[in-house]
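Below is one structure, written out as structure tokens; comments come after it.
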Amino acid sequence: MTRWILLVPLLCALGCTAVRETQPERTATEQLIISSAVVDAARQIKADAVVGKKVVVDVTYLKTVDVEFTQGELRDRLLQLGAQLVTDLDQAEVIVEARSGGLGIDDTKTNIGIPSIPIPVPSVGTFQTPSAYFYKYERQEGKSAIAITGYESATGKHLFSVRSLGTAIHSDLKLLGVPVYKNRKYLDP
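Next comes the structure, spelled out in structure tokens:
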């Protein structure tokens, strides 16, 4: 019996833990919200002047987060509208210049209750008390502003200008810690 009394604490003290963190800078949810806002903005683009025309997309002024995805969505939308995409400027009948007015997430939190309180513990650090909220509402709204201008490559004549604002919403409502409502607009097909 004495042997077990000595072995149990020793076995509890032995062990090894390895923490491997491979998370990207932004969470998957943030990436999905932003990309869904871009898709929503691209879907709103209407440009009859590209139908049946050879079009090159100029992304010189498209400076934004996830620029490659935004470029791809614009190219996809122009193809859906009937454009024939080309890469050579000399072959193009229409040049479509793309710009981004903004791309990001607005984060809103409303809490009613007792927040987490940091308590300093000497020679150990800080201890956080758990929060106890009666009402907790969190909302992330992704917004993407895209503008495109089309003009004839030969003459420089203006054909169209389109601006669109896409949104994607992620929100949660909890009462007494129980999830009551969830909105995942960005997951809609």
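Here the working numbering is used: the first residue of the sequence shown is 20, the next is one more, and so on. Note that beta-carbon positions come from the ideal geometry of N, C-alpha and C, so glycine has one too.
Here Arg118 is actually not in contact with Leu178; their C-beta atoms are around 16 Å apart, not less than 8 Å.
The beta carbons of Val69 and Leu97 sit about 6 Å from each other, so the pair counts as a contact at 8 Å. Taking C-beta separations shorter than 7 Å and ignoring five residues to either side along the sequence, the partners of Ser135 in its chain run Gln147, Thr148, Pro149, Ser150, following chain order. Around Gly132, the same chain offers Ser150, Ala151, Tyr152, Phe153, Tyr154, Lys155 as residues with beta carbons nearer than 8 Å, after the five sequence neighbours per side are excluded. Ser142 sits in coil when the DSSP states are folded into three classes, being neither helix nor strand. With fewer than 16 other CB atoms across the displayed protein chains lying within 10 angstroms of its CB, Tyr200 is exposed. Taken atom to atom, the span from the alpha-carbon of Val115 to that of Thr168 is near 6 Å. The beta carbon of Arg203 sits closer than 7 Å to those of His189, all from its chain and outside the five residues before and after it, given in chain order. Secondary structure of Val57 (DSSP, three-state): helix. Judged by DSSP in its simplified three-state form, Gln159 adopts strand. For Asp191, no alpha helix (DSSP H) segment is defined; the enclosing uninterrupted segment is the beta strand (DSSP E) at 177-194. With contacts defined by Cβ atoms closer than 7 Å, Asp125 and Glu157 do not form a contacting pair. Taking C-beta separations shorter than 6 Å and ignoring five residues to either side along the sequence, the partners of Ser163 in its chain run Ala56, Val57, Ala60, Leu122, Gly185, following chain order. When the alpha-carbon of Val181 is set against those of Val105, Gly175, Tyr170, Asp107, the nearest one is in Tyr170. In this chain, Glu116 is not harboured by any alpha helix (DSSP H); it is covered by the beta strand (DSSP E) spanning 113-133. Cβ-Cβ separation between Leu104 and Val76: approximately 7 Å, consistent with a contact (criterion under 8 Å). Contact annotation: Ser172 and Ala111 have beta-carbon atoms nearer than 7 Å. Distance from the CA atom of Leu51 to the CA atom of Pro141, rounded to whole angstroms, is 42 Å. The DSSP-derived three-state label of Gly71 is coil. DSSP places Gln63 outside both helix and strand once states are collapsed to three, so it counts as coil.
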